[in-house]
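So the sequence lines, in the order shown, correspond to chains H and F. All letters in the first sequence, in the order written, are residues 205 to 535 by my numbering. All letters in the second sequence, in the order written, are residues 2 to 451 by my numbering.
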Amino acid sequence: MSTTVSATTGDSRPAGPARAPATAAPPASARRAGRRRLGACALLMTPFFVLLVAVFLVPVGTALWLSFFGADQPGLGFGPERTVFVGLRSYTAALTDPTFLGGLATVALYCLLYIPLMVLCALALALLLDSGAVRLRAWAQLSLFLPHAVPGIIAAIIWLYLYTPGLSPVVDLLARADITVDFLGINAVIPSIANIAMWSNLGYNVIILYAALQAVPREVIEAAVVDGAGPVRTAVRVKTPLLRPAVVMVAMFTLIWSMQLFTEPMLLSQSAPLINSRFTPSMYIYDAAFTRNNYGLAAAASVVLLACTIALSYGVTRWTNRADTAEEAAR
Amino acid sequence: MHGRLSRRSVLAATAALPLAATAACTGGVEDNTPAARGGSGGRRPVRVTFWSALRGSQEVVDAFNSTHDRVQVDFQQIPSGGQGGYAKLSNAARAGNAPDVATIEYPQVPGFAIDGVARDITDLVGDDLRAKLLPQAWGLTSFEGRTFTVPLDVEPMVLHYRTDLFREYGVDGAPATWDEFEEAARRVRDRAPDDRRLALFPTDGMTQFAAYSWQAGARWFDTSDGAWNVSMADAATRRVAAYWQRLVDADLVHINATEGTRHTAQIGQGQLLAKLSGAWDAGAQMNSHPGQTGKWAVAPLPQWDTGRPATGTHGGSTFAVTKDSRNPEAAMEFIAWQVSHPDALRARLSSGASSQLPAAPELIEVGREAFDRTYYGGQDIYALFRREAEMIDDSWTWGPRMTATQKVMQDGFARVGHGRGSLIDSVRQAQRGTMPDLKALGLATTEHSN
Numbered sequence: 205m206s207t208t209v210s211a212t213t214g215d216s217r218p219a220g221p222a223r224a225p226a227t228a229a230p231p232a233s234a235r236r237a238g239r240r241r242l243g244a245c246a247l248l249m250t251p252f253f254v255l256l257v258a259v260f261l262v263p264v265g266t267a268l269w270l271s272f273f274g275a276d277q278p279g280l281g282f283g284p285e286r287t288v289f290v291g292l293r294s295y296t297a298a299l300t301d302p303t304f305l306g307g308l309a310t311v312a313l314y315c316l317l318y319i320p321l322m323v324l325c326a327l328a329l330a331l332l333l334d335s336g337a338v339r340l341r342a343w344a345q346l347s348l349f350l351p352h353a354v355p356g357i358i359a360a361i362i363w364l365y366l367y368t369p370g371l372s373p374v375v376d377l378l379a380r381a382d383i384t385v386d387f388l389g390i391n392a393v394i395p396s397i398a399n400i401a402m403w404s405n406l407g408y409n410v411i412i413l414y415a416a417l418q419a420v421p422r423e424v425i426e427a428a429v430v431d432g433a434g435p436v437r438t439a440v441r442v443k444t445p446l447l448r449p450a451v452v453m454v455a456m457f458t459l460i461w462s463m464q465l466f467t468e469p470m471l472l473s474q475s476a477p478l479i480n481s482r483f484t485p486s487m488y489i490y491d492a493a494f495t496r497n498n499y500g501l502a503a504a505a506s507v508v509l510l511a512c513t514i515a516l517s518y519g520v521t522r523w524t525n526r527a528d529t530a531e532e533a534a535r
Numbered sequence: 002m003h004g005r006l007s008r009r010s011v012l013a014a015t016a017a018l019p020l021a022a023t024a025a026c027t028g029g030v031e032d033n034t035p036a037a038r039g040g041s042g043g044r045r046p047v048r049v050t051f052w053s054a055l056r057g058s059q060e061v062v063d064a065f066n067s068t069h070d071r072v073q074v075d076f077q078q079i080p081s082g083g084q085g086g087y088a089k090l091s092n093a094a095r096a097g098n099a100p101d102v103a104t105i106e107y108p109q110v111p112g113f114a115i116d117g118v119a120r121d122i123t124d125l126v127g128d129d130l131r132a133k134l135l136p137q138a139w140g141l142t143s144f145e146g147r148t149f150t151v152p153l154d155v156e157p158m159v160l161h162y163r164t165d166l167f168r169e170y171g172v173d174g175a176p177a178t179w180d181e182f183e184e185a186a187r188r189v190r191d192r193a194p195d196d197r198r199l200a201l202f203p204t205d206g207m208t209q210f211a212a213y214s215w216q217a218g219a220r221w222f223d224t225s226d227g228a229w230n231v232s233m234a235d236a237a238t239r240r241v242a243a244y245w246q247r248l249v250d251a252d253l254v255h256i257n258a259t260e261g262t263r264h265t266a267q268i269g270q271g272q273l274l275a276k277l278s279g280a281w282d283a284g285a286q287m288n289s290h291p292g293q294t295g296k297w298a299v300a301p302l303p304q305w306d307t308g309r310p311a312t313g314t315h316g317g318s319t320f321a322v323t324k325d326s327r328n329p330e331a332a333m334e335f336i337a338w339q340v341s342h343p344d345a346l347r348a349r350l351s352s353g354a355s356s357q358l359p360a361a362p363e364l365i366e367v368g369r370e371a372f373d374r375t376y377y378g379g380q381d382i383y384a385l386f387r388r389e390a391e392m393i394d395d396s397w398t399w400g401p402r403m404t405a406t407q408k409v410m411q412d413g414f415a416r417v418g419h420g421r422g423s424l425i426d427s428v429r430q431a432q433r434g435t436m437p438d439l440k441a442l443g444l445a446t447t448e449h450s451n
C-alpha cells in the first residue's frame with residue numbers, strides 16, 4: 205500500500221502545473237518508464253501469485269471438487285466404483301457428525317481460554333519490556349522468543365514428558381507436596397494444550413507488540429509523564445490504546461492458529477486416552493482422510509473449517525473497524 | 002493461515018492421485034493373471050511378498066519356503082493393525098505397492114474389501130479349500146456371494162483364570178453364568194487385597210465388548226436388503242452394557258486399557274484373576290508370563306442362559322490377496338498352504354507364542370498335539386476351544402468402517418474410565434460417529450435402535 209502511494213506522488217510531482225496536458229499525451233519516455241515499472245511489478249509479484257495459486261487456490265479447488273464428487277459403489281459398496289456428483293452429501297454428513305461438531309466445540313472452548321490469555325500475557329510482557337523495568341532486555345527477549353524456535357512436535361513431546369505421571373518430575377514434585385494433578389485428566393486436557401501453545405507462541409507475540417510499542421511517539425509518553433502519570437498508568441492509559449491495531453492483529457493470528465489446532469493434541473493423543481482421534485476439526489479431517497479413507501468427508505470438513513475461519517476473521521476485522529470508527533466519531 | 006489449510010488439502014490431493022492411478026492399474030493387472038508363468042517351468046521361482054503382524058509368521062514362511070520350489074515368500078513383520086499396520090497397508094495400496102498377501106483381522110475385512118485393497122478372490126478359492134474351512138469363518142469374509150479373504154483361525158472367546166487365586170479367595174471353579182461371574186467378582190473384591198479384582202473392563206476393548214454382545218445375540222450390522230442396517234444399541238447390547246456398567250459402578254472390576262505396561266503389571270502381579278479373551282491369548286499369556294506356569298486354566302465363557310449356550314469371537318485373522326498382487330495364483334497357493342497344511346500350524350505353534358484355533362477343523366488335532374500343555378497344568382485346552390467354536394453364533398457381521406467405529410467407542414469407554422458417561426452412551430456415540438462416514442461413502446444404510 206505505502207509503496208504505491210509514494211510511487212504516485214513521486215510521479216505527479218515533476219508534472220506539476222503541466223499535469224493536464226501530460227495525461228492527455230504522455231511523452232514516450234514516461235510511457236516507457238511506466239511500462240518498465242509495470243514489468244518490474246509483474247516480475248516481483250509473480251512468485252507470490254504462483255505460490256498463491258499452487259499452494260492455496262489449487263488445493264482449495266481440489267478440496268471443493270472432492271467434496272462434491274465421490275467414487276461411489278452402490279448398495280453395500282462391494283461393487284465397482286464410479287465417480288458421481290454427490291451434491292451436498294459430504295457436507296450433510298460432516299455437519300451431522302457429532303464427533304465433528306464436538307471437535308468444533310472443543311476448539312471454541314480452547315479459543316475462549318487461550319486467546320484472551322495469550323493477548324493479555326503478551327501485552328503485559330511487552331509493556332514490561334518497554335517500561336525499562338527489565339534489566340537485561342535483550343536476554344529477556346531472546347529467552348522469551350527461544351521456545352518459538354522449537355518445532356511444535358518437539359514442544360509437544362517435551363510437554364508430554366512433563367505431563368505424564370510416573371515420568372514427569374513436575375508431577376513427582378507436586379505429589380511430594382501432597383498435590384495430585386492429572387494434567388491429562390478430563391478437566392485439565394484443554395488447559396494443558398493451551399499451556400503448550402502459550403509456551404511456544406508467547407515470545408513471538410511479545411516481539412510483535414514490543415515492535416509496535418517502539419512506534420509509539422516518545423513525546424506522547426513524555427507528555428504523560430509530565431502530567432504526572434506513573435509507569436503503570438502510562439502503560440495502561442497511554443500505550444495500550446495506541447497499541448490497539450497490533451493487539452487486534454495478534455488476536456487474529458492467534459485465532460486463526462487456534463482454529464487449526466492439530467500438532468499438540470495429535471501427539472498427546474498417543475498417550476492421553478481422553479484426547480481422541482477426532483478431538484479437533486483438523487484431527488477429524490486427518491482421521492477421515494487417512495484412517496477412514498473418506499476423502500469426500502475430509503474435503504467437506506476442510507471446506508467447513510476454512511469457511512468458519514474466514515467468517516471469524518472477517519467478523520473480527522469488521523467488529524474492530526466499526527469500533528474504531530465509533531471511537532473516532534466519539535472524539 | 003493459508004499455509005496450514007492448503008498443506009492439508011495438498012496432502013489430500015496427492016493422496017487421492019495415486020488412488021486414481023492404482024484404480025487404473027488394477028485393470029491392467031487382472032489382464033495379466035496368468036502371471037505364474039515364470040514359475041511353471043521351474044526355472045525361476047515366483048516371489049510373493051507377505052505382510053503380517055501374527056506371531057510365528059516367520060516360522061511359517063520358513064517352513065513354506067523350504068518345502069516349495071515354484072513359489073517363494075518374502076516375509077515382512079509389520080506392526081499390528083491398531084499400532085499402524087492397517088495404515089501402512091492402506092497407504093501402500095494407495096501408492097500401488099501393497100504386498101501380494103496381507104493379514105487382515107475379521108472386523109476390518111469389509112472395510113478393506115470396500116476400499117478395493119482386498120481382491121475379490123471368489124474364483125481363486127478352490128473347492129477343496131472352501132470345504133476345509135469352517136463355513137462360519139467364510140461367512141465373515143464373504144459378502145454378496147463373493148469372498149474377499151481366507152480365514153486363518155477362529156477364536157471363540159473363553160475365560161482364562163488363575164486357579165490358585167480362585168482357590169485362595171474361595172471362588173469354586175470357573176463361573177458358568179454371568180450371574181455367577183458377578184458373584185465371584187464381589188467375593189474377590191470383598192476378600193482380596195484392595196488392588197485385586199476378578200477381571201478387567203478394557204477401555205480399549207471394542208473387540209471384547211463386541212464379543213460379549215455377539216454372545217448375547219446382538220447384531221450390530223446386518224446386510225439384508227442390500228443395505229448396511231446398523232443397530233449397535235440393540236436389546237442384547239443394552240443388556241451387556243448394563244451388566245458391565247453395574248460391575249464398573251460397584252467397583253467389582255478394574256477399568257483401564259489392555260495396551261500398555263499397567264495391564265502387563267496387573268497380570269504379572271496377580272491383580273487380575275481372570276482374562277476374557279480369544280483362544281489365541283493362551284499362547285500370548287504363556288509367552289509373556291512364563292513365571293506363572295501351572296497357575297492358569299481355561300474355561301468356557303460364562304453364559305446368559307445355560308440352556309442355550311453361545312459365544313462370540315475375539316480376534317482371529319484372515320489373509321487377503323491384494324489388488325496390487327501380480328501373482329494372485331501363487332499368492333493363493335501360499336495362503337491355502339498356510340491355513341490348511343499341518344506343517345504350517347506346527348511351524349506357527351513352534352514359536353511358542355501362539356495357541357490359535359485353526360479355521361480348518363482337521364488341523365485342530367495337529368494343534369492339540371503340537372501345543373505344550375504344561376503351562377495349563379496339562380489341561381487339554383484345544384478340546385475346549387473346539388467345543389466352544391461350535392457355539393459361535395454365525396449371524397454376526399462386522400461393519401464397513403470398523404477401525405473408526407472402534408476408535409469412537411473406545412474414546413467413550415476411556416471417558417467411562419474417568420467417571421464420565423456410560424458404556425451404552427459410548428456404544429450410541431460409536432453408531433452416531435459411524436453413520437456419517439457410511440453416508441459420505443455413498444453406501445446404502447438404515448439406522449435402528451439408537
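From the three backbone atoms N, C-alpha and C, an ideal C-beta is built for every residue, glycine too. Model, not experiment: these values are computed from the prediction.
Start-to-end residues for the alpha helix (DSSP H) that takes in residue i
i: residue 281 of chain F; result: Element bounds for residue 281 of chain F: n/a, residue is neither H nor E.
i: residue 238 of chain F; result: 236-250
i: residue 264 of chain F; result: 262-269
i: residue 423 of chain H; result: 422-430
i: residue 161 of chain F; result: Element bounds for residue 161 of chain F: not the alpha helix (DSSP H) but the beta strand (DSSP E), 158-163.
i: residue 357 of chain H; result: 356-367
i: residue 305 of chain H; result: 302-335
i: residue 264 of chain H; result: 262-272
i: residue 399 of chain F; result: Where residue 399 of chain F is concerned, there is no enclosing alpha helix (DSSP H), given that its DSSP letter is neither H nor E.
i: residue 320 of chain F; result: That residue, residue 320 of chain F, is in no alpha helix (DSSP H); its beta strand (DSSP E) goes 318-322.
i: residue 62 of chain F; result: 58-68
Selected residue, minimal CA-CA separation from residue i, among the options
i: residue 339 of chain F; options: F/69, F/420, F/176 and F/237; result: F/69
i: residue 209 of chain F; options: F/251, F/363, F/62 and F/238; result: F/238
i: residue 334 of chain H; options: H/448, H/322, H/416 and H/264; result: H/416
i: residue 597 of chain H; options: H/478, H/314, H/375 and H/360; result: Here chain H covers residues 205 to 535 and nothing more, so residue 597 of chain H does not appear.
i: residue 150 of chain F; options: F/268, F/360 and F/236; result: F/360
i: residue 154 of chain F; options: F/218, F/336 and F/423; result: F/336
i: residue 319 of chain F; options: F/66, F/45, F/148 and F/389; result: F/148
i: residue 256 of chain F; options: F/142, F/201 and F/407; result: F/201
Residue i, buried or exposed, once every other Cβ within 10 Å from all chains shown has been counted against 16
i: residue 122 of chain F; result: buried
i: residue 343 of chain H; result: exposed
i: residue 424 of chain H; result: exposed
i: residue 357 of chain H; result: exposed
i: residue 387 of chain F; result: buried
i: residue 514 of chain H; result: exposed
i: residue 21 of chain F; result: No answer about residue 21 of chain F holds up, because its pLDDT of 39 lies below 50 and its placement is not dependable.
i: residue 269 of chain H; result: exposed
i: residue 192 of chain F; result: exposed
i: residue 29 of chain F; result: Its pLDDT being 35, under 50, residue 29 of chain F is placed unreliably by the model, and the measurement read from it follows with that caveat. Residue 29 of chain F comes out exposed.
i: residue 206 of chain H; result: Below a pLDDT of 50, predicted positions are generally treated as unreliable, and residue 206 of chain H, at 38, falls in that range; the measurement from the model is reported next regardless. That one is exposed.
i: residue 209 of chain H; result: With a pLDDT of only 38 at residue 209 of chain H, under the threshold of 50, the placement of this residue in the model should not be trusted, and no figure is reported.
Span of the beta strand (DSSP E) around residue i
i: residue 286 of chain H; result: 286-289
i: residue 105 of chain F; result: 102-106
i: residue 75 of chain F; result: 72-78
i: residue 48 of chain F; result: 47-53
i: residue 404 of chain H; result: Looking at the DSSP string, residue 404 of chain H is not in any beta strand (DSSP E); the run it does join, the alpha helix (DSSP H), is 393-418.
i: residue 201 of chain F; result: 201-203
Whole-angstrom C-beta distance between residue j and residue i, which should lie under 8 Å
i: residue 198 of chain F; j: residue 212 of chain F; result: Wrong, their Cβ atoms sit about 20 Å apart, outside the cutoff.
i: residue 242 of chain F; j: residue 425 of chain F; result: 4 Å
i: residue 314 of chain F; j: residue 353 of chain F; result: Actually they are not in contact, since the Cβ atoms of residue 314 of chain F and residue 353 of chain F sit about 23 Å apart, beyond 8 Å.
Next item on the list: Let me know the alpha helix (DSSP H) ranges lying completely inside the stretch 452-527 of chain H, each 4 residues or longer, listed in chain order.
Entry: 467-472 and 485-494
Next item on the list: Within the stretch 205-233 of chain F, note down every full beta strand (DSSP E) run reaching 3 residues or more, in order along the chain.
Entry: The beta strand (DSSP E) runs of length 3 or more contained entirely in the stretch 205-233 of chain F are, from start to end of the chain, 229-231.
Margin query: Quick check for students: name the residue ranges of the beta strand (DSSP E) that lie wholly in the stretch 405-451 of chain F, counting only runs of 3 or more.
Written below: 446-448
Margin query: Which runs of the alpha helix (DSSP H) at least 4 residues long sit entirely within the stretch 85-151 of chain F? Give them in chain order.
Written below: 86-95, 110-115, 128-133 and 136-142
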